[in-house]
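Read in order, the letters of the sequence shown correspond to residues 3 to 396 in my numbering. Report on the following structure.
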Amino acid sequence: MIGLTILGATGTIGVNTLDVVARHPDRYRVVALTANSDHGRMAELCAKWQPEYAVMADVDSAGQLREALKSRAPAVQVLAGEAALAEVACLPQVDYVMAAIVGAAGLLPTLAAARAGKRVLLANKEALVMSGGLFMDAVHECNAELLPIDSEHNAVFQCLPPDHQRRGLAAAGVERVLLTASGGPFRETPLDELAQVTPDQACAHPNWVMGRKISVDSATMMNKGLEVIEACWLFDTTPAHIQVVLHPQSVVHSLVQYCDGSVLAELGHPDMRTPIAHALAWPERVSAGVEVLDLFAVARLDFQPPDMTRFPCLHLAAQAMHTGGTATAVLNAANEVAVAEFLAGRIRFTDIPRVVEATLANESVQPATSLEIVLAADTSARNTARVFIREQAA
């Protein structure tokens, strides 16, 4: 059986991963589950799945989980902290690691899994956004397998020839990668109304069920900007060869354009279980529990270019990727701070790109030649973003 660690088990991706795994009990075995601080939900998962290990990033939450499992799952070893997250990603009995921790917090355990030569199912785009070169070097040097879980990147992967990693996209005849985006809940909202958007409105995605941070990123389209950066590293290409396409129905998950005029697309319901099942079973196929797509019910598919005035975060992400070095780590850090402040009600929706832009303008960029440099850039950018927010509020 295939041993599995799920980093971020209580989040949307983690829950959907366990749903797929439950459909194939003879194929997968859950070795370790991790979460940040939701010890109540983690206790339920441990009681059901009986993993060998449960890790809470928050030390106090680990103590509460340990107490809760004394009667429900006494054999589960409860660990705590950042080092423990990396430890369960590297266990010898673990074959696959689902990297689903949201944000920069997922970088170290995901990188540890790559360095341990695991099959990394990458839902944490920040690992590549922050340290793309370092991460891809680890994948290649340690013979890890890297399979994308984001629906867009998984769709691209499915539309590329099997040997694209060895040959390169140009040699495979690929001219462009087209990443689709729903446009979020404010695709047609009058621009002068965006400043009054509430966190609950920003989190009400029309098609996908996601966590609050990612939902806000989708509303600003920073999520798509981060995905462009991720795609550059995953498929060894540049932003010039990637086109973002607004597609409100979220049925076409992405496309690949070839030099002979062909455009291949992957279609399906907006359900994360599809890319999860694909990556878990690749190169085979297994049931994901997803309803078959009814094209007659879909009836129409619409596409349009993104409005860069409405979505300035797209430009900011492209600018950071063009700058290179630690600029993408700065971009990600500033965005995480800004989104957290917005969700807490302390800044407006339209302040998010302003915080990111100001942070990028005030942070010096270094070559991202080590993990220490990347993490230092992340810390510095968070401080700069918080200072900017305080000064604007004064």
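Heads up, the beta-carbon is just placed ideally off N, CA and C, and yes, glycines get one too.
Could you tell me if Gln-259 is buried or exposed, where buried requires 16 or more neighbouring beta carbons within 10 angstroms of its beta carbon?
Per the 10 Å Cβ criterion, buried.
Report, in whole angstroms, the separation of the C-beta atoms of Arg-54 and Val-33, which I expect to be a contact under 8 Å.
Residue 54 is actually Glu in this sequence, not Arg. That pair is a contact at about 5 Å.
Keeping to the same chain, check which residues put their C-beta closer than 6 Å to that of Ala-157; ignore five residues upstream and five downstream.
So the qualifying residues of the chain are His-255, Ser-256 and Glu-268.
Among Val-90, Val-131 and Ala-106, which one has its Cα closest to the Cα of Arg-117?
Of Val-90, Val-131 and Ala-106, the residue nearest in Cα terms is Val-90.
What is the DSSP secondary structure of Ile-15, counted as helix, strand or coil?
Here Ile-15 sits in helix by DSSP.
Could you tell me the distance, in whole angstroms, from the CA atom of Ala-49 to the CA atom of Ala-56?
Near 11 Å, if we compare the C-alpha coordinates of Ala-56 and Ala-49.
Which residues does DSSP list as the beta-bridge partners of Thr-7?
DSSP output for Thr-7 lists Ala-34 and Val-99 as bridge partner(s).
To the nearest angstrom, how far is it from the Cα of Asn-225 to the Cα of Arg-392?
Computed Cα separation, rounded: 25 Å.
CB Thr-352 to CB Glu-365, shorter than 7 Å?
Contact flag unset, no.
Could you tell me which residues DSSP puts in a beta bridge with Thr-182?
Note: Thr-182 sits in a beta bridge opposite Val-247.
Is the CB-CB distance between Ile-354 and Thr-200 below 7 Å?
No, Cβ-Cβ distance for Ile-354 and Thr-200 is not below 7 Å.
My output table needs one value for His-324: the three-state DSSP class, helix, strand or coil.
Helix.
Measure the C-alpha to C-alpha separation of Ala-329 and Val-218 and round it to an integer number of angstroms.
The straight-line gap from Cα to Cα measures roughly 21 Å.
For Arg-302, which three-state DSSP category applies?
If DSSP states are grouped into helix, strand and coil, Arg-302 belongs with coil.
Alpha carbon to alpha carbon, what distance is there between His-271 and Met-323?
If you take the alpha carbons of Met-323 and His-271, they lie about 31 Å apart.
Taking only three categories from DSSP, how would you classify His-255?
DSSP places His-255 in strand when its eight states are reduced to three.
Check this for me: beta carbons of Leu-71 and Val-78, under 7 Å apart or not?
Contact: yes.
So what's Glu-365 in DSSP terms, helix, strand or just coil?
The answer is coil: DSSP assigns Glu-365 none of H, G, I, E or B.
Report yes if the CB atom of Leu-180 is closer than 7 Å to the CB atom of Gln-251, and no otherwise.
Not a contact, by the Cβ cut-off of 7 Å.
So, at 8 Å on beta carbons, what are the nonlocal neighbours of Val-358 in its own chain, with the 5 sequence-adjacent residues on each side left out?
The answer, listed in chain order, is Met-224, Cys-315, Leu-318, Leu-333, Ala-336, Asn-337, Ala-340 and Ala-387.
For Leu-266, collect the residues of the same chain with a Cβ closer than 6 Å to its Cβ; drop the 5 residues on either side in sequence, then sort them by chain order.
Within the same chain, Leu-266 has close Cβ partners Cys-161 and Val-258.
With which residues is Glu-268 paired in a DSSP beta bridge?
Glu-268 is bridged to Ser-256.
Kindly indicate which three-state DSSP category Glu-177 falls into: helix, strand or coil?
If DSSP states are grouped into helix, strand and coil, Glu-177 belongs with the strands.
Short of 7 Å in beta carbon distance, which residues of its chain neighbour Pro-163, apart from the five on each side in sequence? Order them along the chain.
The residues are Ala-174.
Under a Cβ-count criterion, where at least 16 other Cβ atoms within 10 Å of its own Cβ denotes burial, should Met-274 be classed as buried or exposed?
Label assigned to Met-274: buried.
Grouping DSSP H, G and I as helix and E and B as strand, with all else coil, what is Val-288?
Correct three-state label for Val-288: coil.
I'd like the span of the beta strand (DSSP E) that includes Glu-147, first residue to last.
Element bounds for Glu-147: 147 to 150.
Alpha carbons only, please: which of Ser-220, His-166 and Asp-380 is nearest the one belonging to Asp-152?
The shortest Cα separation from Asp-152 among Ser-220, His-166 and Asp-380 belongs to Ser-220.
Going by the DSSP bridge assignment, what does Gln-203 pair with across the sheet?
Paired residues: none, contrary to the question.
Could you tell me the alpha carbon to alpha carbon distance between Gly-227 and His-280, rounded to whole angstroms?
Going from the Cα of Gly-227 to the Cα of His-280 covers about 24 Å.
Have a look at Leu-136 and Thr-371 and give me their C-alpha separation to the nearest angstrom.
So the two alpha carbons sit approximately 7 Å from each other.
Take Thr-112 and list the residues in its own chain whose beta-carbon comes closer than 6 Å to its own, dropping the five residues that flank it on each side.
Correct list, in chain order: Ala-101, Asn-126 and Ala-129.
Using a 10 Å radius around the Cβ and a threshold of 16 neighbouring Cβ atoms, would you call Gly-400 buried or exposed?
Nothing can be reported for residue 400, as the shown portion of the chain is limited to 3 through 396.
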